[in-house]
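Enquirer:
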Amino acid sequence: MNISSVVVRVLPENTEHLVGKLKESDLCDYHLHDEGKIIVTIEGEGISEEIAKLKQIQAMKNVLSADMMYSYSEDELDQERDKIDQSDGIKPWLNDNSKDAGIISYAGDLKKKKL
Numbered sequence: 002m003n004i005s006s007v008v009v010r011v012l013p014e015n016t017e018h019l020v021g022k023l024k025e026s027d028l029c030d031y032h033l034h035d036e037g038k039i040i041v042t043i044e045g046e047g048i049s050e051e052i053a054k055l056k057q058i059q060a061m062k063n064v065l066s067a068d069m070m071y072s073y074s075e076d077e078l079d080q081e082r083d084k085i086d087q088s089d090g091i092k093p094w095l096n097d098n099s100k101d102a103g104i105i106s107y108a109g110d111l112k113k114k115k116l
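This note's numbering puts the first residue of the sequence shown at 2, with every later residue one more than the last.
Have a look at this one:
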């Protein structure tokens, strides 16, 4: 089970209306709001389900932005550790201090990743 907090930004004059819409939806749990900002949490079995809910919130009328601020994953870390345990493990050259760190290819830039 994953749980993530989301800050939803809205024009101040649309805040109360959007709070009502979010409370009525099955997408999230409402917690609090101030003029122009609404705090909700979303839950899912995995990150894919959370991203789908986040995208639905982002697409709601009057939403200026909706972004995850904090995410907790109950099972995914254990699943990834199990994958490592069942694989060949960490490649020995990753722990070799004589190797140049520049040979490691990093592909973790989510800004360029299509979700």
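The beta carbon of each residue, even a glycine, is placed where N, CA and C say it ideally should be.
Source: prediction; values computed, not measured.
Can you tell which of Gly103, Asn98, Asp27, Asp35 has the C-alpha that lies nearest to the C-alpha of leucine 55?
Expert: Start at 1 with the first residue of the sequence shown, and residue 55 comes out as number 54. Nearest option by C-alpha distance: Asp27.
Enquirer: Assuming contact is defined by CB atoms lying nearer than 9 Å, are glutamate 51 and methionine 69 in contact in what I supplied?
Expert: Locating residue 51 in the sequence shown gives position 50, counting from the first residue. Locating residue 69 in the sequence shown gives position 68, counting from the first residue. Yes, they are a contact pair.
Enquirer: Rounded to a whole number of angstroms, what is the C-alpha to C-alpha distance between isoleucine 105 and lysine 92?
Expert: Translated into the one-based positions of the sequence shown, residue 105 becomes position 104. Translated into the one-based positions of the sequence shown, residue 92 becomes position 91. Distance between the alpha carbons of isoleucine 105 and lysine 92 is about 12 Å.
Enquirer: Going residue by residue through the segment 24-79, where are the continuous beta strand (DSSP E) segments of at least 3 residues, counting only ones entirely within it?
Expert: 30-35, 38-45, 64-74
Enquirer: If you follow the beta strand (DSSP E) that asparagine 3 is part of, which residue opens it and which one closes it?
Expert: Mapped onto the sequence shown, residue 3 falls at position 2. Run containing asparagine 3: 3-11, per the beta strand (DSSP E) assignment.
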